[in-house]
Amino acid sequence: MVSLLRHVHALLCATLALAAAAADAQQHADHAEHAEHADQAAPISADDRAAAFPDLGGIGHMHLEDPLNRSVLLDRFESQDDDGNPVAWDLDAWVGRDLTKLWIRSDGERRDGNTEQADVEILWGKSFARWWDLLTGVREELDPGPDETWAAVGVRGTAPYRLGLEATAYVGDGGASALRVETHYEVLVTNRWILRPELDLAWYGQSDPSRGRGAGLAEGDLGIRLRYEIRREVAPYVGVLLARKFGRTADLSAGDDDDTRLVAGIRVSF
Amino acid sequence: MQRFPSLTRRRFIEGFAASAGAASLGRFSNAAEPAVTEPEVLRAAEVDLSIGERGANFTGRTRLATVVNGSLPAPTLRWREGDAVTIRVRNELPEPTSIHWHGLVLPANMDGVPGLSFHGIAPGETFTYRFPLRQSGTYWYHSHSAFQEQLGLYGALVIEPREPEPFAYDREHVVLLSDWTDRDPFALYLLLKRHSDYFNYQKRTLGDFTRDAKRDGLSAALAERRDWARMRMQPSDLADVSGAAYTYLMNGRAPAANWTGLFRPGERVRLRFVNGSSMSTFDVRIPGLQMTVVAADGQNVHPVTVDEFRIATAETFDVLVTPAGADAFTIFAQSLDRTGHARGTLAVAEGLTAPVPEMDRIVYLTMADMGHGAAASDGVDHSSHSAPLVIAPPATEHAEHAGHGAAAPASEHTAHGGGAAVEHGASEQRNPGVDMQTTAPAPKLADPGIGLRNNGRRVLTYGDLHSLFADPDGREPERTIELHLTGHMERFMWSFDGIPFASAEPLDLRYGERVRIRLVNDTMMSHPIHLHGMWSDLEDEAGGFLVRKHTVSMPPGTQRSYRVTADAIGRWAYHCHLLFHMEAGMFREVRVDG
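Protein sequences, first through last, are from chains A and B. Heads up: the first sequence at position 194 corresponds to 197 in the working numbering, and the numbers run straight through without jumps. Heads up: the second sequence at position 108 corresponds to 125 in the working numbering, and the numbers run straight through without jumps.
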């Protein structure tokens with residue numbers, strides 16, 4: 004019995020020794036391989052270097068990383084169900100690059116063939132955060148009344164919950180000031196039927212009865228439009244617009260301060 | 018969910034039944050222009066390639082394609098390991114061109130990247146490439162100039178080994194997958210920069226919400242919507258360009274034109290799959306047949322038998338199949354976002370077809386997919402692929418980082434044990450070109466990937482790939498370079514570490530050194546990352562050598578590491594192989610000198 008155990012022990016020892024020798028040999032082999040590899044990283048000859056770093060005459064790798072781009076979005080172009088058959092528009096266009104853009108924005112309204120209200124803004128836009136652009140420039144109010152120029156500074160971007168937001172502060176002649184906030188959201192009824200609620204608010208710093216403006220919250224438009232994207236660029240829509248005037252502005256408007264209109268129009272981009 | 022039920026839409030996806038060669042020419046190309054042909058096989062060690070334009074009709078409309086010797090794809094090149102090859106490339110385009118030999122180890126001035134390895138090939142000029150073939154397997158070649166790759170300039174490249182293969186087969190076919198669009202690629206790129214979700218018609222709708230609320234409860238559905246809405250992202254963003262713009266091709270044929278590869282019953286067939294697309298990931302299967310994967314990116318692996326595999330842009334896989342029990346089998350390659358597919362047939366005779374499967378339903382991304390450490394909400398057992406990360410950084414790592422400047426994020430890197438939070442470099446912070454950062458990335462090597470989990474089929478994963486050889490270098494990397502894949506979905510900006518190519522310093526490697534590159538995906542998209550001139554030796558979770566590749570796919574929420582032996586001096590391109598991501602700046606120069 005004892006001798007049997009001895010045999011087993013001897014056998015185990017031999018096996019372990021063999022295994023150790025094998026591991027050793029493997030290590031040696033690995034080592035040899037490494038040494039061989041180190042040899043492979045042979046000195047580089049002048050010819051090798053000349054071939055690997057050809058003189059390209061300063062020509063760099065061409066990339067189209069940040070090409071000049073442009074976008075035109077006629078967000079609203081609509082006929083409204085109201086006296087004088089109003090036609091309203093809202094245009095957002097830019098030319099520029101990934102993080103810097105020149106914006107042109109315009110909105111307005113015509114009734115009975117006359118321009119009731121129209122403005123154009125030209126703004127320099129710079130992306131300053133993940134979701135936000137800073138816009139600075141000028142706003143020209145063409146109607147109503149004589150032309151009026153405002154300096155503008157604002158932000159534009161996407162708030163959490165995918166809320167589109169534009170907020171712009173304005174300073175005009177004689178210390179006049181105003182603030183406009185536009186916010187919208189898009190609900191995908193399907194991937195082509197898109198419901199878009201939009202709320203636009205305007206405040207004025209001072210009253211200006213000649214232009215029908217009262218200090219404080221002055222105007223609010225709540226629109227709900229349902230569009231169908233025939234293709235991304237072309238989407239007819241129908242909707243409802245609730246236009247209200249508030250406070251002093253409402254007082255100055257002689258009763259025309261609360262309007263609900265049906266609208267039908269087309270949204271076009273290119 | 019909105020599908021595309023209309024006939025025109027179906028024709029667009031399925032393509033024309035006629036092969037490209039039978040194209041009728043319309044107003045978008047010169048009527049005198051001959052139509053594209055199907056690729057020939059060129060076997061000589063001296064080859065003449067001529068790059069030009071021809072009319073191609075895959076959708077019912079003819080467009081100008083960029084072709085080589087008149088064909089789309091370009092001719093299949095068949096060479097022999099050990100030979101020195103000479104390729105004279107003549108440019109008959111009105112603009113500069115180039116050819117890059119994807120996955121080949123060769124001198125830097127033969128690599129074909131304009132502005133790094135050479136001047137490019139001017140119109141009317143002929144450039145002669147000459148290099149020895151020091152490897153064997155399935156590779157491909159493509160233009161590295163502007164958007165020519167999207168227009169058709171890609172072809173398969175097969176190098177036969179000197180030594181016998183470690184497996185046997187009776188015949189073989191190249192299966193080159195690609196994506197074709199009728200749109201001008203530059204216009205498409207500008208469109209993505211204006212409207213990054215233009216081609217995504219799979220966004221979740223009110224109807225989807227109602228269904229989810231019924232299934233998971235209103236509060237769960239609301240909470241899930243809230244998470245995405247807070248991030249201002251879309252869980253359906255699986256592909257930037259979908260079947261709304263693409264017709265997917267197999268060997269240059271639209272699905273309806275049914276590319277057919279022949280076999281005789283009882284034969285074992287080798288299929289050399291190449292993803293030569295510009296922007297598409299494919300999930301490939303052959304219903305009724307198992308596939309034994311024997312090589313990845315041209316390099317032999319321990320055979321692994323699967324029902325399906327995912328092939329990222331620029332990857333290649335060689336599989337063996339033994340068709341039996343039927344006369345025809347469909348090769349089905351659906352796009353990752355399930356908006357279209359390429360299709361062909363293995364058959365005993367031309368003209369036979371087998372049933373074409375329905376596309377799978379789209380599976381939306383979850384917060385866990387993006388590495389946000391949220392509990393798995395897709396009912397999948399993640400235990401196999403969300404194991405704590407144990408890549409032990411070498412002791413020299415911190416010192417290296419300190420001295421490495423722009424190559425690595427400025428912050429200190431801690432050991433990523435236990436799935437610890439990842440750190441992000443200063444260049445990613447307050448950067449309007451970076452919209453997201455992952456918080457708990459993992460290698461996910463055993464994860465089949467989104468849309469393939471628990472689908473009842475055995476799906477290949479990176480964890481299944483084991484090179485047939487031991488780590489050919491064997492040295493431990495001396496240092497680790499960590500790079501984060503970054504971008505802004507909505508602005509369609511792409512970069513490494515928040516720094517696009519134009520603003521980035523080259524990544525310097527010392528000739529002969531062994532480095533580890535650790536990639537962390539800080540975006541919600543999958544990026545196939547390709548290093549020119551040198552191999553990418555992918556590591557497993559424990560830091561061991563797994564598989565040798567030339568293109569490493571990086572799904573969202575992943576962190577993966579590979580070793581690189583800097584044994585080739587020169588200026589090498591290193592980039593995301595999604596064409597529009599590369600052009601947008603997810604690109605670095607790697608400079609090896611010593």
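Note that beta-carbon positions come from the ideal geometry of N, C-alpha and C, so glycine has one too.
Short of 7 Å from the beta carbon of Ser294/B, and not among the five residues preceding or following it, lie these beta carbons of its own chain, in chain order: Leu194, Ser195, Asp196, Thr330.
Look at Met248/B here: in three-state DSSP terms it is helix. CA-to-CA, the gap between Ala267/A and Arg234/A works out to about 18 Å. Contact check for Pro340/B against Phe280/B passes: the beta carbons are separated by less than 8 Å. The beta carbon of Asn108/B sits closer than 6 Å to those of Ile68, Thr114, Ile138, Pro140, Glu142, all from its chain and outside the five residues before and after it, given in chain order. CA-CA distance, Gly442/B to Ala132/A, rounds to 17 Å. When the alpha-carbon of Asn292/B is set against those of Glu189/B, Gly172/B, Glu180/B, the nearest one is in Gly172/B. Under the three-state reduction of DSSP, Asn217/B is assigned to coil, being neither helix nor strand.
Residue environment for Pro282/B: exposed (fewer than 16 other C-beta atoms within 10 angstroms of its C-beta).
Taking a cut-off of 8 Å for Cβ pairs, the region 94-109 of chain B and the region 58-65 of chain B touch, as three or more such pairs fall below it.
C-alpha of Arg183/A to C-alpha of Ser444/B: approximately 34 Å in a straight line.
Residue state for Met296/B is assigned as coil, using DSSP reduced to three classes. Cα atoms of Val271/A and Asp122/A: separation of roughly 20 Å, rounded to the nearest angstrom. Of all residues in the region 121-153 of chain A, only Ser130, Phe131, Ala132, Arg133, Trp134 come within less than 7 Å of chain B when Cβ atoms are compared, listed by chain position. By the Cβ criterion, the region 181-198 of chain A is in contact with the region 216-230 of chain B, since at least three pairs of Cβ atoms, one from each stretch, lie closer than 8 Å.
Taking one beta carbon from each stretch, the region 519-526 of chain B and the region 447-466 of chain B have fewer than 3 pairs nearer than 8 Å; the two do not touch. By the 16-neighbour rule on beta-carbons within 10 angstroms, Val98/A is exposed. Here Ala54/A is near Asn126/B, since their CB atoms are less than 8 Å apart.
From the beta-carbon of His119/B, no residue of chain A is found nearer than 7 Å; the closest lies around 17 Å away. Rounded to the nearest whole angstrom, the C-alpha separation of His159/B and Val191/B is 16 Å. Annotated three-state conformation of Asn268/B is coil, per DSSP.
Proximity of Thr114/B to chain A, defined by a Cβ-Cβ separation below 8 Å, is not satisfied. Taken in chain order, the members of the region 173-202 of chain A whose beta-carbon sits within less than 8 Å of a beta-carbon on chain B are Val190, Leu191, Val192, Thr193, Asn194, Arg195. Proximity to Tyr591/B across Met599/B, Asn471/B, Asp584/B peaks at Met599/B, based on C-alpha coordinates. Met571/B carries a strand assignment under DSSP once its states are collapsed to helix, strand and coil. Looking at the DSSP output, Pro149/A bridges to nothing. Residue pairing for Tyr146/B: DSSP places it in a beta bridge opposite Ile104/B. With a threshold of 8 Å between beta carbons, Arg302/B makes no contact with chain A.
When CB distances to chain B are screened at a threshold of 7 Å, the residues of the region 67-88 of chain A falling below it are Leu67, Glu68, Pro70, Asn72, Ser74, in chain order. Contact annotation: Ile227/A and Val237/A have beta-carbon atoms that are not nearer than 8 Å. With a cutoff of 8 Å on beta-carbon distance, Gly368/B and Pro90/B are scored as not near each other. DSSP places Pro545/B in no alpha helix (DSSP H) but in the uninterrupted beta strand (DSSP E) bounded by 544-548. Under the three-state reduction of DSSP output, Tyr207/A falls in the strand class.
Taken atom to atom, the span from the alpha-carbon of Thr322/B to that of Thr186/A is near 55 Å. Beta-carbon to beta-carbon, Tyr215/B and Leu209/B are separated by about 7 Å, close enough to satisfy the 8 Å threshold. Secondary structure of Gly480/B (DSSP, three-state): helix.
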